[in-house]
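As structure tokens, the structure follows; a few thoughts come after it.
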Amino acid sequence: MSQSGGILITIEGWGVNLAGCYGNSLLPTPSIDRLAAHGIVFDQFWMHSVDLPSNIQAILDGIQPNRWLCATDSDLAATVLRQQEDLDRLEVVHTPELESFDRLLTEAIECWLQQRKETPFLWIHSRGLRGEWDAPYEFRKLMCDSDDPSPPSQTTPPDLILPAEFDPDLLFGWACGAGAQAVCIDQGVGFMMQTLKELGIQQDCWIALAGLLGFPLGEHRRVGLGTRSPVSQEVSYSIADAYAERLHTPWILCPAPELSLGRRDHRICQPSDLGAWLEQTCDGSWTDPLPRSLTKNDLAWCTGVDEIALLTTRWSARFDLGPSIDASTSLDSTSHGEVYCFPEDRWQQNEIASRVPEVEALLRQIASKLLDPRGDEATGSDEVRTLLEGLSSIRR
Numbered sequence: 270m271s272q273s274g275g276i277l278i279t280i281e282g283w284g285v286n287l288a289g290c291y292g293n294s295l296l297p298t299p300s301i302d303r304l305a306a307h308g309i310v311f312d313q314f315w316m317h318s319v320d321l322p323s324n325i326q327a328i329l330d331g332i333q334p335n336r337w338l339c340a341t342d343s344d345l346a347a348t349v350l351r352q353q354e355d356l357d358r359l360e361v362v363h364t365p366e367l368e369s370f371d372r373l374l375t376e377a378i379e380c381w382l383q384q385r386k387e388t389p390f391l392w393i394h395s396r397g398l399r400g401e402w403d404a405p406y407e408f409r410k411l412m413c414d415s416d417d418p419s420p421p422s423q424t425t426p427p428d429l430i431l432p433a434e435f436d437p438d439l440l441f442g443w444a445c446g447a448g449a450q451a452v453c454i455d456q457g458v459g460f461m462m463q464t465l466k467e468l469g470i471q472q473d474c475w476i477a478l479a480g481l482l483g484f485p486l487g488e489h490r491r492v493g494l495g496t497r498s499p500v501s502q503e504v505s506y507s508i509a510d511a512y513a514e515r516l517h518t519p520w521i522l523c524p525a526p527e528l529s530l531g532r533r534d535h536r537i538c539q540p541s542d543l544g545a546w547l548e549q550t551c552d553g554s555w556t557d558p559l560p561r562s563l564t565k566n567d568l569a570w571c572t573g574v575d576e577i578a579l580l581t582t583r584w585s586a587r588f589d590l591g592p593s594i595d596a597s598t599s600l601d602s603t604s605h606g607e608v609y610c611f612p613e614d615r616w617q618q619n620e621i622a623s624r625v626p627e628v629e630a631l632l633r634q635i636a637s638k639l640l641d642p643r644g645d646e647a648t649g650s651d652e653v654r655t656l657l658e659g660l661s662s663i664r665r
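Structure representation (structure tokens):
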């Protein structure tokens, strides 16, 4: 891979349901699909947390500040980036004249080109679907048939909990709004790639594109990027947040020069792996798209407000931690747990914990190990490895 420079783009709310190369056949995303066709698609990229800052920090840990320009229009991301000393930052303010994603890309690329010798690497972080839904209204109709109701025209992203009974037409309208934003993202990426080509630097510049949190659209009654509210006493939550629609996002890497034929990588990885890859490749030591040692356990785990989620090569799970439990030391054996077959049930719609109690017990033990204050070390511990081997031996 060429070491002359690279661009990382991360987008809030951009989940795997909004990218053609991850299976969405309803939305036209030709630019991103072309990037995937000549790069590496990481099929199992999962978040560390249901909140943004932890995921931003995991990437930031792999960045050498004096070699990067970081541009963002996200207040949440800017708060984290400001804490990094010697990091060159560009904070872009939204204006109504341009769609927010286009404005961010335009200003970031222009600034980077002026100082590319000093900062050969550019990180563009977009608030994405957390920001205003400012795509042209006609984009919302791309998913509609002639007999479908017209999508809503509101530009404020939804943030609510659905009742047990809800109007599916309303939910479809929000999905159209999210899809319209995804089309704008694709067009912005296409514009950027064309600009790099015209400047003659595309073949010397790798491009990485990743979602940081997906945008829930009612799969588990949450619509939007809100989260549970922490409480001080035991409570029965109406919904949870640590599900695939929020945690599973795209990561696409197009090397420089691009591959003649793209490929897919099925290893489980998380933002810390992306950060480690950035650290290695920007040092000139790139030998593999993802360091194999980082995923030797084939395990990802994510925390939320009073909950933890796990992903292995064959199972996914989520456990409530409950406000009365000391989550830093153990997981209560009576707390609610959910188990799903993976990857067959990628959207986690068929909960089977009661049918596979031995699987649920092993996953609960793994979660308990990870909730130890030394959880990062526990991920690769012999105890966790033994439990994972036990899981792999269970027939489905």
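Using our numbering, the letters of the sequence shown map in sequence onto residues 270 to 665.
Ideal placement from N, C-alpha and C gives every residue a C-beta, glycine not left out.
By a beta-carbon distance limit of 8 Å, Phe390 does not contact Cys538. Their separation comes to about 20 Å. Our two residues, Phe435 and Ala447, have alpha carbons roughly 19 Å apart in a direct line. Around the beta-carbon of Leu486, 16 or more other beta-carbon atoms lie within 10 Å, marking it buried.
DSSP, read as helix, strand or coil, puts Val361 in coil.
About 4 Å separates the Cβ atoms of Arg409 and Cys445, confirming a contact at the 8 Å cut-off. C-alpha of Glu629 to C-alpha of Arg615: approximately 17 Å in a straight line.
The shortest C-alpha to C-alpha distance from Glu467 to any of Arg336, Thr550, Leu382 is the one to Leu382. Comparing alpha-carbon positions, the option among Pro524, Leu656, Arg624 lying closest to Leu277 turns out to be Pro524. The beta carbons of Leu481 and Ile325 sit closer together than 8 Å. In the DSSP assignment, the residues bridged to Ser395 are Ile280.
DSSP places Ser369 within a helical segment (H, G or I) once states are collapsed to three. In this chain, Asp455 is not harboured by any beta strand (DSSP E); it is covered by the alpha helix (DSSP H) spanning 437 to 467. When rounded, the separation of the alpha-carbon atoms in His517 and Trp315 is 5 Å. Restricting attention to beta strand (DSSP E) runs no shorter than 3 residues, the region 289 to 333 encloses them at 309 to 315, ordered along the chain. If you compare the alpha carbons of Leu494, Leu478, Ile476 with that of Phe484, the shortest gap goes to Leu494. Of all alpha-carbon atoms in Pro420, Ser395, Ser637, the one lying nearest the alpha-carbon of Tyr406 is that of Pro420. DSSP, read as helix, strand or coil, puts Asp414 in coil.
According to DSSP, residue pairing for Tyr406 in a beta bridge does not occur.
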